[in-house]
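In the working numbering, the protein residues as written are -19 to 300.
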């Protein structure tokens, strides 16, 4: 397959340039059309990362075909070259085993639907938003704005936590400590008031917020086979209870979920709930506890009646 000496002619150079230009044009068409497709699919909440992978596969196919045509114009025997790849295939496969593993891992990640572009994920010690899943690596933008490149084979070997796979329910867990001077009746009323406030709060998920109320008809048919709410990402647990006696406070546990899973909305809901809890604590005549220690002295040391006089006398002698 070694090249046969070919005289350098203008026609050969023109053919090579012609092939390169056509390859570049096809790639640009694929790229431009792919952007249009991505834009249309994004409106339908489709998998943009799969379209990206397909576009990259087209890139590779076009580049390989163009490279083979250029080699043919340079005098290489393409048939012999392809046959030699079969002979040295084992050595090539061993040398590129990591690349091959990463490629097939990227395909598995996309078709397993473990995450999509823009998802908030935790992979090992990396946490952030998925930017892109490529042939070899997945790019993640961390919350401190660093760009991390994780090999796809490493991702397949680790647990993946996807925070975006939630429809309703972002956990809000609080422990409120009140002073030990509180009476039992005050505590019971406070617990009930907080519970009723959460049940009527528009931002808190209730038992009626379930996947069965969604418009996805498939959920109703699968409810006898799997836990629908866990599958779809619905959480609406809500309880408020006296949790225990701490070192310096009586603790009230608050456990609920906000309807919105968006971080900004969650922070606003949490702030509103905290203010309402403060109002309930004040209304019931309670006070927030803070870490403190009480020191009780059972017995003071006994001093002799004339101890002060003797002390003054000794000081006078020293001064004289």
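Positions of the beta carbon are idealized from the N, C-alpha and C atoms, including for glycine.
Open item on the list: Tell me the rounded alpha-carbon separation between residue 225 and residue 211.
Closed with: 37 Å
Just tell me which of 12, 88, 86, 1 has its CA closest to the CA of residue 45.
-> 1
Exercise for review: Have a look at residue 305 and residue 265 and give me their C-alpha separation to the nearest angstrom.
Suggested key: Missing from the structure shown is residue 305; the chain here goes from -19 to 300 and no further.
With 16 as the cutoff for other CB atoms within 10 Å, does residue 252 come out buried or exposed?
exposed
Check: Under a Cβ-count criterion, where at least 16 other Cβ atoms within 10 Å of its own Cβ denotes burial, should residue 217 be classed as buried or exposed?
Finding: exposed
Is residue 93 helix, strand or coil by DSSP?
coil
message: I need the boundaries of the alpha helix (DSSP H) containing residue 178, first residue and last residue.
response: 164 to 180
Report task. Give the DSSP-derived three-state secondary structure of residue 230 in the structure shown. Result -> strand
Range covered by the alpha helix (DSSP H) that runs through residue 100 = First-last for residue 100: 100 to 103, but that is the beta strand (DSSP E), not the alpha helix (DSSP H).
Mapping the DSSP letters down to three states, classify residue 12 as helix, strand or coil. helix
ask   = Who are the near neighbours of residue 299 in its chain, counting only those whose CB is closer than 8 Å to its CB and skipping five residues on each side?
value = Since pLDDT at residue 299 reaches only 49, below the 50 mark, its modelled position is unreliable, and the value read off the structure follows with that caveat. There are no such residues.
(message) Which residue marks the beginning of the alpha helix (DSSP H) containing residue 261, and which one marks its end?
(response) 243 to 263
Point to revise | Local Cβ density within 10 Å of residue 172, reported as buried at 16 or more and exposed below that | key: exposed
* **Cβ shell of residue 241 (< 6 Å), same chain only, five flanking positions each side left out** => 146, 150
Q. So, is the C-beta of residue 262 closer than 8 Å to a C-beta in chain C?
A. The structure shown contains no chain C; it holds only a single protein chain.
Would you say residue 189 and residue 250 are within 8 Å of each other, going by their C-beta atoms? no
**Study point:** Endpoints, the alpha helix (DSSP H) within which residue 134 is located
**Key:** 132 to 136
If we count the other Cβ atoms within 10 Å of its Cβ and call it buried at 16 or more, is residue 184 buried or exposed? buried
TODO: Would you give the residue range spanned by the beta strand (DSSP E) that residue 108 belongs to?
DONE: 106 to 113
The stretch 78 to 89 touching the stretch 126 to 145, judged by at least three CB pairs closer than 8 Å: yes
>> In this structure, how does DSSP classify residue 146 when only helix, strand and coil are distinguished?
In response: coil
Open item on the list: Let me confirm a value: residue 4 is counted as buried when at least 16 other C-beta atoms fall within 10 Å, else exposed. Which label applies?
Closed with: exposed
- Task: Note down, in chain order, each residue of its chain lying with its Cβ closer than 6 Å to the Cβ of residue -5, except the 5 sequence neighbours on either side.
- Result: 53
Quiz item: For residue 254 versus residue 155, is the C-beta distance shorter than 8 Å?
Solution: no
| query | What are the partner residues of residue 121, as DSSP defines its beta bridges? | reply | 109, 127
- Please confirm whether residue 110 and residue 135 have their CB atoms less than 8 Å apart. no
Keeping to the same chain, check which residues put their C-beta closer than 7 Å to that of residue 119; ignore five residues upstream and five downstream.
111, 112, 127, 129
Original post:
Nearest-angstrom Cα distance between residue 229 and residue 262?
Top reply: 16 Å
**Report entry** Exposure of residue 133, with buried meaning 16 or more beta-carbon neighbours within 10 Å
**Finding:** buried
Check: residue -19 to residue 41, Cα distance in whole Å?
Finding: Reliability of the predicted coordinates at residue -19 is poor, the pLDDT of 43 falling under 50, and no value is obtained from them.
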